[in-house]
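This report refers to the structure that appears directly beneath it.
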Amino acid sequence: MSMATGSEASPSLAAEPKPNGSADGTRRRRTSSLRGEPPGDTSVPALATMYDHEPLPAQVSSPVQKSNPERAHRGRKRRKVKSLYRRWKSISLRHTWLNPLIICLVVVALYLVNPSEDNPLHSALFLSYPLPRKQGEPADAPLQYGKGARDFAFVGFYTIVLTFTREFTMQRILRPLAIRAGMKTRGKQARFMEQAYTAIYFGFLGPLGLYVMKKTPVWYFNTDGMYEGFPHRSHLAEVKTYYLFQAAYWAQQMIVLMLAQEKPRKDFKELVAHHIITISLIYLSYAFHFTYMGLAVYTTHDISDFFLATSKILNYMESPIVIPYFIIFLCSWAYLRHFINLRILFSLLPLPMPFPDPINEQILSVLSTFTSYGSSVVAALAPVTAPIVNFASTIFPETVSLLQSIPDRTTTYFNTPSDFATVGPYELNWETQQYKCWISQYITFGLLLALQLVNMFWFYLILRILWRLVASGFKETDDVRSEDSEVDAAEREVTLDELRKEQSDAWAGETGADIRAASDSKPQVLVNGVPVDKANGEAR
1 MSMATGSEAS
11 PSLAAEPKPN
21 GSADGTRRRR
31 TSSLRGEPPG
41 DTSVPALATM
51 YDHEPLPAQV
61 SSPVQKSNPE
71 RAHRGRKRRK
81 VKSLYRRWKS
91 ISLRHTWLNP
101 LIICLVVVAL
111 YLVNPSEDNP
121 LHSALFLSYP
131 LPRKQGEPAD
141 APLQYGKGAR
151 DFAFVGFYTI
161 VLTFTREFTM
171 QRILRPLAIR
181 AGMKTRGKQA
191 RFMEQAYTAI
201 YFGFLGPLGL
211 YVMKKTPVWY
221 FNTDGMYEGF
231 PHRSHLAEVK
241 TYYLFQAAYW
251 AQQMIVLMLA
261 QEKPRKDFKE
271 LVAHHIITIS
281 LIYLSYAFHF
291 TYMGLAVYTT
301 HDISDFFLAT
311 SKILNYMESP
321 IVIPYFIIFL
331 CSWAYLRHFI
341 NLRILFSLLP
351 LPMPFPDPIN
361 EQILSVLSTF
371 TSYGSSVVAA
381 LAPVTAPIVN
391 FASTIFPETV
401 SLLQSIPDRT
411 TTYFNTPSDF
421 ATVGPYELNW
431 ETQQYKCWIS
441 QYITFGLLLA
451 LQLVNMFWFY
461 LILRILWRLV
471 ASGFKETDDV
481 RSEDSEVDAA
491 EREVTLDELR
501 KEQSDAWAGE
511 TGADIRAASD
521 SKPQVLVNGV
531 PVDKANGEAR
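For the sequence shown, the tail end lands on 540 under full-length UniProt numbering, and the numbers increase by one without skipping.
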């Protein structure tokens with residue numbers, strides 16, 4: 001006869017059986033009203049949603065070894081340091097907003113020691129490079145700000161500030177709201193928190209972008225205003241603050257995306273590509289004075305991101321208005337991300353011939369040969385096509401006239417220089433920082449085209465969701481899904497209190513945890529390795 005003890009190291013993550021569950025582990029649930037989740041660039045995880053479901057590993061005590069007093073003293077100091085490090089790591093993972101807050105407070109405290117422009121930290125908290133007013137300007141004229149390397153300090157500090165606000169808002173405000181709304185799985189809570197924070201952020205920054213744009217020649221998405229008066233080397237305080245703050249937001253998003261330790265989502269590659277293109281556009285547009293163009297691109301994406309995030313939130317909450325709101329979101333996405341951005345893209349067309357003049361002339365001669373050949377083919381087919389064209393002209397005269405004018409319109413379009421080349425100066429001069437030339441035209445067009453292709457891919461996925469809604473007659477259905485297939489291991493139902501208890505048990509003291517586990521467990525009597533109750537049951 002022997003004694004055995006059994007205890008759990010941490011609370012079980014398995015959810016209790018559902019009242020509406022069946023015996024085979026399946027349960028009936030309502031499908032999402034949208035029959036899918038709208039894709040987009042608002043799916044970047046946060047530190048809070050990456051680490052909150054990972055229980056910290058229990059500390060394993062090392063075997064006791066005999067040593068002299070001096071070595072024992074050094075060993076105790078090392079264990080104390082390791083214990084402090086483990087506690088700090090545990091607190092940092094449970095409260096991901098704490099370290100960014102400490103860094104921000106340290107920076108502010110160091111600045112308050114000498115609150116002046118001589119303090120190196122002044123450029124981290126406030127705008128740098130204020131320009132003196134021009135002669136004859138009134139004293140109350142708005143101050144202009146230039147650009148320089150110290151702007152990186154501003155972006156870096158507010159990247160940390162945004163990390164704190166994102167993590168604190170999600171953990172302390174949005175998670176309780178998600179639980180109160182009935183979202184019990186970790187995955188659903190995480191997605192709700194991410195989208196809710198995105199909606200809050202762009203709910204402020206979207207209207208702010210329109211307000212800032214109204215103070216510039218770009219209002220309302222005026223493409224000529226992007227090029228007039230180039231180069232735009234100085235800006236109002238509102239414009240520069242908005243531009244750099246947005247740069248800090250996307251830098252913070254990119255850092256968290258690169259640190260993501262969760263399973264990549266379906267459109268992870270497209271999301272990474274979108275962020276790389278966005279960061280490249282932000283840096284190049286600011287450094288080479290295309291900030292007015294960047295301001296328009298910012299605004300179109302911010303407003304559409306707000307509708308995207310709120311549409312996802314309503315979908316998670318299974319709101320009855322999710323379908324009509326989804327239609328509103330789809331229209332805003334199509335108008336802002338495609339119609340407006342394609343207008344900006346077309347202002348860069350046609351692209352100039354990048355080769356020396358002799359080579360350009362050869363290329364143009366080849367193109368003219370193909371054009372004349374096409375005209376001869378059309379003329380040869382005229383006896384066959386003329387009756388058809390005449391008949392169609394009687395029914396759709398305007399459409400036929402438009403189609404017939406396409407060749408001439410195309411020739412005129414490609415023989416006319418772009419707005420990028422004709423509005424404002426068009427030359428490369430490093431001394432005057434004049435960068436609006438054929439090289440920047442190709443680079444800008446390539447980046448904006450890449451961004452447009454990513455948005456078109458997402459728009460295709462959004463239209464697929466719309467098609468499924470139309471095919472189903474905008475009706476919601478019930479379906480039976482396996483609990484194991486629907487909920488991933490990382491999304492087991494667990495409340496916030498259970499999660500905190502799980503983590504606190506994990507980082508508890510080494511020996512203390514073992515002693516409590518041993519004292520809380522009940523001894524069992526075994527007969528040949530089988531518990532007595534079970535053995536008696538078999539005997540009966």
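The beta-carbon is built from N, C-alpha and C at its ideal position, and this holds for glycine as well.
With C-beta atoms as the reference, is Ser-234 less than 8 Å away from Gln-144?
-> It is a contact, given that the beta carbons lie within the stated cut-off.
Tell me which same chain residues have a C-beta within less than 8 Å of the C-beta of Ala-124, skipping the five on either side of it?
-> The residues are Val-107, Tyr-111, Ala-153, Phe-154, Gly-156 and Phe-157.
Are there 16 or more other CB atoms within 10 angstroms of the CB of Trp-250, so buried, or fewer, so exposed?
-> Buried is the call here.
Can you give the Cα-Cα distance for Val-400 and Met-456, rounded to whole angstroms?
-> Cα to Cα, the separation comes out at about 30 Å.
Gln-135 - DSSP class collapsed to helix/strand/coil | Reduced to three states, the DSSP call for Gln-135 is coil.
State the DSSP-derived secondary structure class of Leu-143, mapped to helix, strand or coil.
-> Reduced to three states, the DSSP call for Leu-143 is coil.
Per DSSP, the bridge partner or partners of Arg-404 = Looking at the sequence shown, residue 404 is not Arg but Gln. Residue pairing from DSSP leaves Gln-404 without any beta-bridge partner.
Cβ-based burial, Asp-118 [other Cβ within 10 Å; buried from 16] | Exposed.
With a cut-off of 8 Å on the beta carbons, I'd call Gln-171 and Ile-179 a contact; round off their distance for me.
-> Distance from Gln-171 to Ile-179 at the Cβ level is roughly 12 Å; contact not present, criterion being Cβ atoms closer than 8 Å.
In or out: Val-322 buried (at least 16 other Cβ within 10 Å) or exposed?
-> Buried, by the Cβ-count rule.
If you compare alpha carbons, which of Arg-87, Trp-97, Thr-223 and Leu-466 is closest to Phe-164?
-> Taking only the C-alpha atoms, the option nearest Phe-164 is Trp-97.
Distance, Phe-230 Cα to Ile-200 Cα | When rounded, the distance between both Cα atoms is 34 Å.
In chain order, what residues of the same chain have a beta carbon less than 7 Å from the beta carbon of Ala-273, not counting five sequence neighbours either side?
-> Counting only Cβ-Cβ distances below 7 Å, and skipping sequence neighbours, we find Val-454.
Neighbourhood of Glu-238 by C-beta, 7 Å cutoff - its chain only, sequence neighbours within 5 removed = Spatial neighbours of Glu-238 in its own chain (CB-CB distance under 7 Å, excluding positions within 5 residues in sequence) are listed in chain order as Val-212 and Lys-215.
Where the alpha helix (DSSP H) through Met-170 begins and ends = From DSSP, Met-170 is part of no alpha helix (DSSP H); its letter is neither H nor E.
Keeping to the same chain, check which residues put their C-beta closer than 8 Å to that of Ile-443; ignore five residues upstream and five downstream.
-> The beta carbon of Ile-443 lies closer than 8 Å to those of Leu-284 in the same chain, with the five residues before and after it left out.
Report all residues from its chain with a CB closer than 8 Å to the CB of Met-258; omit the five preceding and five following residues, and keep chain order.
-> Contacts found: none.
Look up Gln-434 in the DSSP assignment and give the residues it is bridged to.
-> For Gln-434, DSSP records a beta bridge to Asn-429.
CB contact flag (Gln-452, Leu-351, <8 Å) | No. Outside cutoff.
Pairwise C-alpha distance: Trp-458 and Phe-268 | Distance between the alpha carbons of Phe-268 and Trp-458: 12 Å.
Cβ distance (whole Å) where Gln-246 is taken to contact Tyr-298 below 8 Å | The Cβ separation is near 6 Å, so the contact holds.
From what residue to what residue does the alpha helix (DSSP H) around Ile-313 run?
-> Counting along the chain, the alpha helix (DSSP H) containing Ile-313 begins and ends at 291-316.
Which residues bound the alpha helix (DSSP H) around Phe-326?
-> Note, Phe-326: alpha helix (DSSP H), 322-333.
Between the CA atoms of His-122 and Gly-424 - distance to the nearest angstrom = So the alpha carbons of these two residues sit roughly 36 Å apart.
State the start and end residues of the unbroken alpha helix (DSSP H) segment that holds Met-213.
-> If you look at Met-213, you'll find it in the alpha helix (DSSP H) that goes 186-214.
Helix, strand or coil at Pro-130 [DSSP, three-state] | Three-state result, Pro-130: strand.
Simplified DSSP state of Val-256, which is helix, strand or coil = Correct three-state label for Val-256: helix.
In angstroms with no decimal places, state the Cα-to-Cα distance between Ile-277 and Ile-255.
-> Their backbone Cα atoms lie some 14 Å apart in a straight line.
For Ser-405 and Pro-38, believed in contact at Cβ under 8 Å, the rounded distance = The pair is not a contact, with the Cβ atoms about 39 Å apart (cut-off 8 Å).
Quick one, are the C-beta atoms of Gly-225 and Tyr-292 less than 8 Å apart?
-> At the C-beta level, Gly-225 and Tyr-292 come within 8 Å of one another.
Drop a sphere of 10 angstroms on the beta-carbon of Leu-244, count the other beta-carbons inside from all chains shown, and report buried for 16 or more, exposed for fewer.
-> Burial call: buried.
Do you know whose CA, among Ile-282, Ile-328, Pro-320 and Ser-319, lies nearest Ile-303's CA?
-> Considering only alpha carbons, the answer is Ile-328.
Spatially closest choice to Ser-372 from Ile-340, Phe-396 and Asp-408, by CA coordinates = Among Ile-340, Phe-396 and Asp-408, the Cα nearest to that of Ser-372 is on Asp-408.
Contact check, His-289 vs Tyr-435, beta carbons under 8 Å = Yes. Within cutoff.
Compute the Euclidean distance between the alpha carbons of Tyr-426 and Cys-104, then round it to the nearest angstrom.
-> It is roughly 43 Å from the alpha-carbon of Tyr-426 to the alpha-carbon of Cys-104.
Helix or strand or just coil, what does DSSP make of His-274?
-> If DSSP states are grouped into helix, strand and coil, His-274 belongs with the helices.
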